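Taking this note's numbering, I'd label the letters of the sequence shown as residues 1 to 439. Note that beta-carbon positions come from the ideal geometry of N, C-alpha and C, so glycine has one too. Keep in mind it's a predicted model, so treat the numbers as computed, not measured. Encoded as structure tokens, the structure appears first; notes follow it.
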Amino acid sequence: ERDRLGGDCTWTGCIPSKALIKVAQVAHLARTGARFGVMTGEAAIDAVRVHEYVHGVVRDVHDAEPAEALERQGIDVLFGGATFEDKFRVRVADRTIRGRKFLITTGARPAVPTIPGLDAVPYLTYDRIFDLDRVPPSLIVIGGGPLGLEIGQAYRRLGAAVTIVAPRLLPKDDPDAAEVIRAVFQREGITLVSGRATSVRQDDGAVVVASDRGDEVRGESLLVATGRSPNVAGLELERAGVQFSEKGIPVDDQLRTNVKHIYAAGDVLGREQFSHVAGWQAFHATRNALLPGGRGARPEPIAWVTFTDPEVAQVGLTEAQAIARFGARIRIARWDMNRVDRARCEGDEHGFIKIITTDDSRLVGATIVAARAGEVSAEFSLAIAHGLTAGQIGGTIHAYPTYATAVQQLAGEIATDHWAASITGRLVRRWLRFRARRS
Numbered sequence: 001e002r003d004r005l006g007g008d009c010t011w012t013g014c015i016p017s018k019a020l021i022k023v024a025q026v027a028h029l030a031r032t033g034a035r036f037g038v039m040t041g042e043a044a045i046d047a048v049r050v051h052e053y054v055h056g057v058v059r060d061v062h063d064a065e066p067a068e069a070l071e072r073q074g075i076d077v078l079f080g081g082a083t084f085e086d087k088f089r090v091r092v093a094d095r096t097i098r099g100r101k102f103l104i105t106t107g108a109r110p111a112v113p114t115i116p117g118l119d120a121v122p123y124l125t126y127d128r129i130f131d132l133d134r135v136p137p138s139l140i141v142i143g144g145g146p147l148g149l150e151i152g153q154a155y156r157r158l159g160a161a162v163t164i165v166a167p168r169l170l171p172k173d174d175p176d177a178a179e180v181i182r183a184v185f186q187r188e189g190i191t192l193v194s195g196r197a198t199s200v201r202q203d204d205g206a207v208v209v210a211s212d213r214g215d216e217v218r219g220e221s222l223l224v225a226t227g228r229s230p231n232v233a234g235l236e237l238e239r240a241g242v243q244f245s246e247k248g249i250p251v252d253d254q255l256r257t258n259v260k261h262i263y264a265a266g267d268v269l270g271r272e273q274f275s276h277v278a279g280w281q282a283f284h285a286t287r288n289a290l291l292p293g294g295r296g297a298r299p300e301p302i303a304w305v306t307f308t309d310p311e312v313a314q315v316g317l318t319e320a321q322a323i324a325r326f327g328a329r330i331r332i333a334r335w336d337m338n339r340v341d342r343a344r345c346e347g348d349e350h351g352f353i354k355i356i357t358t359d360d361s362r363l364v365g366a367t368i369v370a371a372r373a374g375e376v377s378a379e380f381s382l383a384i385a386h387g388l389t390a391g392q393i394g395g396t397i398h399a400y401p402t403y404a405t406a407v408q409q410l411a412g413e414i415a416t417d418h419w420a421a422s423i424t425g426r427l428v429r430r431w432l433r434f435r436a437r438r439s
């Protein structure tokens, strides 16, 4: 490991961002408590203590599995940059290691776009934003993906004036989900500039970002959140004969590179960049490398969550993807959060659950926008992976009142409509109408 165990997720990604989001949620609840009858007023933010809390969580997660713990399990841990000497040897510092199998999991780094003037102004990326021990008066975010939205909302709730510059919000998610987030952000006072950043400059101590729509926005701090690039530089992959590009390392279904004893997994592939997918791939790559009978390692379905408030979770196909794959064979059903009793109790009524099924009622995709969307998504992952039908989900008792109750209700509604449209359903309805006339 070149730097420290845990990678982006532990140090500059999932863990610090979710800890910061929790702090921001507490501040938001304190500030808006009057809607529940709790009078609190404006929340005072101690940014130094916020910083300490976030980094304390990071340390706790890291310390749960340090290098010493891995070594006790028989895993040698070497710190330093690794470079291939040839197909069977890598060098770390002054040590050369020979191996029969290799697995490359070097992750990714912040991708910084080529925007005129950007290199002449101070800016933050996700690997430095969590080092802040103060809340800037104003923050401009370039990028409308999950990271930009999560951090933008968090800092707005901590008191910063936030502007997000992006052509679209959540471009890889369901447009209906993005529209809910847009409405929530506007209610919370986040300024949204729908355009692509075309230039950046400094003016009288402020950062000024211009967009292709003609807008200019000013702020004290700038966060560039425009994706991530695979870490392939410096590995000397050419010496091992491994094919790669700036977009990542191509692999086959078993996660083998073109050099069959060298595997790769996770963000370095340049595909889905999620920690849970990386872990899943690494497990299967290791299994395929060490045990006979290679197995395909394409996760199905893929699930991801954007941890805004409300959260946005996607499992399997989006509505657009399902239409492209199945055409008229798909069925789409939606259940708004304002119909969910637990959500009403929590005051979390912005959002919905959308289920996509084929004409035989099998689930192929789901979109959830809700305060507990990430937790609810797990049921859909299991259902889609095992080819379950809406009837099987709807026929399974779910505890009430929970957010998952809505899953059962919506699945039951889909199953009922599917049955009613079937030959059996039509015959039963005719028989019932006949009985009604006879009586």
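query: Note down the Cα distance separating V58 from D76, rounded to an integer number of angstroms.; result: 23 Å
query: Within the same chain, show all residues whose beta-carbon is closer than 7 Å to that of D267, passing over the 5 residues directly before and after it, in chain order.; result: G107, A108, R228, P230, Q273, A278
query: Residues in the same chain with beta-carbon distance under 6 Å from E220, minus the five sequence neighbours each way, listed in chain order, please.; result: P136, P137, S138
query: Go ahead and pull the three-state DSSP assignment for L291.; result: coil
query: Could you pull the start and end residues of the alpha helix (DSSP H) that K87 belongs to?; result: It is not in any alpha helix (DSSP H) - K87 carries neither H nor E in the DSSP assignment.
query: Nearest CA to the CA of A328: which residue from I356, A313, D176?; result: I356
query: Report yes or no: do the segment 111-131 and the segment 7-27 share at least 3 C-beta pairs separated by less than 8 Å?; result: yes
query: What residue from F88, V251, G351, A67 has the CA that sits closest to A178's CA?; result: G351
query: In terms of DSSP beta bridges, what is Q314 paired with?; result: W304, T367
query: Helix, strand or coil: how does DSSP classify V251 here?; result: coil
query: Please report the residue range of the alpha helix (DSSP H) in which T416 lies.; result: 405-421
query: Restricting to runs no shorter than 4 residues, where is the alpha helix (DSSP H) found entirely within the segment 319-390?; result: 319-326, 341-346, 373-385
query: Roughly how far, in whole angstroms, is the beta-carbon of H418 from the beta-carbon of A390, given that I think they are within contact range, below 8 Å?; result: 7 Å
query: Please name the residue or residues paired with T191 in a DSSP beta bridge.; result: T163
query: For I142 and A197, which I take to be in contact (beta-carbon distance under 8 Å), what is that distance rounded to the nearest angstrom?; result: 5 Å
query: If we call anything under 8 Å between Cβ atoms a contact, is T318 one with G365?; result: yes
query: If V312 and D173 are in contact, beta carbons under 8 Å, what's the gap, nearest whole angstrom?; result: 6 Å
query: Is the separation between the beta-carbon of T191 and that of V162 shorter than 8 Å?; result: yes
query: Verify whether the separation of the beta carbon atoms of T405 and R342 is less than 8 Å.; result: yes
query: Here's the rule I'm using: 16 or more other beta-carbon atoms within 10 Å means buried, otherwise exposed. How should H386 be labelled?; result: exposed
query: Is the number of C-beta pairs between the segment 110-121 and the segment 16-26 that are closer than 8 Å three or more?; result: no
query: Confirm the yes/no value for this check: CB of H350, any heavy atom of the ligand MN, distance under 7 Å.; result: Judged by which ligands are present, the structure shown has none, so any question about the ligand MN falls away.
query: Verify whether the separation of the beta carbon atoms of V23 and V50 is less than 8 Å.; result: yes
query: Output yes or no for whether 8 Å exceeds the beta carbon distance between F84 and L237.; result: yes
query: Rounded to whole angstroms, what is the Cα-Cα separation between G80 and P292?; result: 32 Å
query: Straight-line CA distance for F185 to L169?; result: 11 Å
query: What does the alpha-carbon distance come out to for the pair I353 and F88?; result: 50 Å
query: I397 and A411 - do their beta-carbons sit closer together than 8 Å?; result: no
query: Tell me where the alpha helix (DSSP H) around R35 begins and ends.; result: No alpha helix (DSSP H) holds R35; DSSP gives it neither H nor E.
query: Let's see if you can read the secondary structure: which residues bound the alpha helix (DSSP H) around Q153?; result: 146-157
query: Considering Cα atoms alone, identify which of R213, D212, V217, D63 is closest to A206.; result: V217
query: Do I45 and A27 count as a contact pair if the criterion is CB distance below 8 Å?; result: yes
query: Please report the straight-line C-alpha distance between D133 and R339, rounded to a whole angstrom.; result: 41 Å
query: Excluding the 5 residues preceding and the 5 following R2 in the sequence, name in chain order all residues of the same chain whose CB lies nearer than 6 Å to its CB.; result: G81
query: Whole angstroms are fine: how far does the CA of P66 sit from the CA of R239?; result: 31 Å
query: Less than 8 Å between the C-beta atoms of L255 and A285, yes or no?; result: yes
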